[in-house]
Amino acid sequence: MKIKTLSFNAFQVNTYILFDDTNECVIIDPACYEPQEEEELFRFIEEKELLPVALLLTHGHVDHILGCKAVATKYALKPLMHHDALPFIEKSQEQGMMFGFSVEKPDISDEFLTEGDTIKFGHQTLQTILAPGHADGSLCFYNEPQKVLVSGDVLFQGSIGRTDLPTGDYNTLISAITDKLMVLPDDVKVFPGHGPSTTIGFEKENNPFL
Ligand SMILES: [Zn+2]
Ligand SMILES: [Zn+2]
794 MKIKTLSFNA FQVNTYILFD DTNECVIIDP ACYEPQEEEE LFRFIEEKEL LPVALLLTHG
854 HVDHILGCKA VATKYALKPL MHHDALPFIE KSQEQGMMFG FSVEKPDISD EFLTEGDTIK
914 FGHQTLQTIL APGHADGSLC FYNEPQKVLV SGDVLFQGSI GRTDLPTGDY NTLISAITDK
974 LMVLPDDVKV FPGHGPSTTI GFEKENNPFL
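If you use our numbering, the sequence shown corresponds to residues 794 to 1003, in order.
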């Protein structure tokens, strides 16, 4: 499996495109905001001749979904998320205004992801891990054979998600990370919602919050 990272908008959100030699791909957290960011995402998919088969959201924070409507429309996909992330999407226009973003609310699928679901594309399988504490409905996406975890805003290199926003809770977050992420093999690569990638082993040794 290959991973393309694109960093978008004023909050430097990582948008990930996961693909393999079948050319099927999934797009995680479509955060593109400026027209040239949107174009960069579309161009990559076009140049690699990828076929997007799913649009996944790690959680509903507005900075992660700024390009959701455009990407969903372009590829005729509905965003897949945990049901508990829905209230954030519903408030995305108001939330966006607080940060000076004009947000188009995406169409919502009536299908939701829950803990332990699997998403398939090409020869790959992603498993969902529910990890609340930063925001309700936060999902991580785990490709076990490839040892790749897309962690959203749950776990960062040397840090963890903030817990001072609505539905945030420090103890819930620490429990989720400890019980569900730190039990993964040390050599699992972690691709967070912001900043550089890391590994479970590195965070076990070095993350001051754990
Ligand atoms: Zn967030
Ligand atoms: Zn974020």
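The beta carbon of each residue, even a glycine, is placed where N, CA and C say it ideally should be.
Inset, instruction - Give a single yes or no on whether H857 has its beta carbon closer than 7 Å to a heavy atom of ligand 2. - result: yes
Inset, instruction - Could you name the residues of the same chain whose beta carbon sits closer than 7 Å to that of T960, not counting the 5 residues immediately before and after it, in chain order? - result: A928, D929
Legend entry - Beta carbon of Q939 nearer than 8 Å to that of P985: no
Legend entry - Spatially closest choice to G853 from L932, Y826, L942, I970, by CA coordinates: L932
Inset, instruction - Return the CA-CA distance between A955 and K982, expressed in angstroms with no decimal places. - result: Per the sequence presented here, residue 955 reads as Arg, with Ala not at that position. Their backbone Cα atoms lie some 21 Å apart in a straight line.
Inset, instruction - Report whether the distance from the Cβ of G988 to the nearest heavy atom of ligand 1 is below 7 Å. - result: no
Legend entry - Buried versus exposed call for E840 [16 or more other C-beta atoms within 10 Å across all chains shown]: exposed
Legend entry - Exposed unless 16 or more other CB atoms sit within 10 angstroms - verdict on C874: Correcting the residue type first, residue 874 is Met in the shown sequence and not Cys. Classification for M874: buried.
Inset, instruction - Confirm, please, whether the CB-CB distance from E831 to E860 is below 8 Å. - result: The sequence as given places Gly at residue 860; Glu does not occur at that position. A contact, by the Cβ cut-off of 8 Å.
Inset, instruction - Report yes if the CB atom of V855 is closer than 8 Å to the CB atom of V896, and no otherwise. - result: yes
Legend entry - Same chain, Cβ closer than 8 Å to L966, neighbours up to 5 away in sequence not counted: A924, P925, G926, H927, V947, I953, G954, T956
Legend entry - Between the CA atoms of A863 and N936 - distance to the nearest angstrom: 26 Å
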